[in-house]
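In what follows, a structure is listed as structure tokens, so that the remarks can point back to it.
Residue numbers (UniProt numbering): 1 to 250.
See the structure below:
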């Protein structure tokens, strides 16, 4: 599409898209299994007072999906539920072998953590895996978290995470990015919550990206109990790294 640049990370046509315009104009998409799920979600959201927009054919084509709905969470983050995203049939293979295995999770800015946690857990059936202070890490499948909420004065995507194959990939990227003077904002380190090794760095328009490896999976829901971590550097990294990220600091 004109004015759009697509990025792959797995067999789907894309998992990240940049479009021309205001960098604050952001959206996060989640896939649903059936088209009827869009109708059911729209009805539930509207019953709770959330305005829902059905995507036009042109907007669906821009996103390379068959159908989608759009709404905003209580903080004002634009969320999209999509049906039938396009697949390329080819695995991801970048110009540089960064070890990327796929998109994993998104951090969202929240102007009220308690309110937004209630929205995501009650309306979308997400579950809290752990908390850092009052910031919840939310799962929607076996992966430790797919959504993380962090305190902020305004809405927005706080960071974007891609999984890589190993800790070696983390360190290779650390050296590659450092040699090219890309701004590092956290790590290398290891999260005490998800157990993942990580590296955070800045991308275009100041967006924070994270590479991580070895994220915890929660296979037995009955045995897992959410844990409380301190909202301080040791709650974010067990190796002693300190974040230069506003939303990770009080």
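Note that beta-carbon positions come from the ideal geometry of N, C-alpha and C, so glycine has one too.
* Asked: So what does DSSP say about residue 9, is it helix, strand or coil?
  -> What you label residue 9 is simply residue 9 of the chain shown in a count that begins at 1. Residue state, collapsed to three classes: coil.
* Determine which residues share a DSSP beta bridge with residue 130 and list them. => Sequence index remark: in the chain shown, residue 130 carries index 130 (1-based). Beta-bridge pairing links residue 130 to 137, 227.
* Does the Cβ of residue 64 have 16 or more other Cβ atoms within 10 Å, making it buried, or fewer, making it exposed? -> Against the chain shown, residue 64 aligns to sequence position 64. Residue 64 is buried by the Cβ-count criterion.
* Do residue 108 and residue 69 have their CB atoms nearer than 8 Å? -> The residue you call residue 108 lines up with position 108 of the chain shown. The residue you call residue 69 lines up with position 69 of the chain shown. No, the Cβ-Cβ distance between residue 108 and residue 69 is not below 8 Å.
* Asked: Who does residue 87 pair with in a DSSP beta bridge?
  -> As a position in the chain shown, residue 87 is number 87, starting the count at 1. For residue 87, which the question treats as bridged, DSSP gives the partners 12.
* **Residue from 168, 118, 143 whose Cα sits closest to the Cα of residue 193** => Start at 1 with the first residue of the chain shown, and residue 193 comes out as number 193. Among 168, 118, 143, the Cα nearest to that of residue 193 belongs to 143.
* To do: Please name the residue, chosen from 230, 51, 81, that lies closest to residue 191 on a Cα-to-Cα basis.
  => Along the chain shown, read from residue 1 onward, the residue named residue 191 stands at position 191. Checking every option, the nearest Cα to that of residue 191 belongs to 230.
* Just the Cα atoms here: how many angstroms apart are residue 217 and residue 128? -> Residue numbering aside, residue 217 sits at position 217 when the chain shown is read from its first letter. Residue numbering aside, residue 128 sits at position 128 when the chain shown is read from its first letter. One C-alpha to the other measures close to 13 Å.
* Asked: Among 189, 6, 248, which one has its Cα closest to the Cα of residue 87?
  -> Position 87 of the chain shown, counting from 1, holds the residue named residue 87. For the residues 189, 6, 248, the minimum Cα distance to residue 87 belongs to 6.
* To do: Look at the Cβ atom of residue 177, then the Cβ atom of residue 171, and state whether they are nearer than 8 Å.
  => Here residue 177 is taken as the residue at index 177 of the chain shown, counted from 1. Here residue 171 is taken as the residue at index 171 of the chain shown, counted from 1. The answer is no: Cβ separation not under 8 Å.
* To do: Tell me where the beta strand (DSSP E) around residue 197 begins and ends.
  => For the purposes of this step, residue 197 is identified with residue 197 of the chain shown, where counting begins at 1. Residues 197-202.
* To do: Less than 8 Å between the CB atoms is what I'm expecting for residue 160 and residue 207, so what's the real figure, rounded?
  => Position 160 of the chain shown, counted from the first residue, corresponds to residue 160. Position 207 of the chain shown, counted from the first residue, corresponds to residue 207. Their Cβ separation, rounded to whole angstroms, is 7 Å, which keeps residue 160 and residue 207 in contact under 8 Å.
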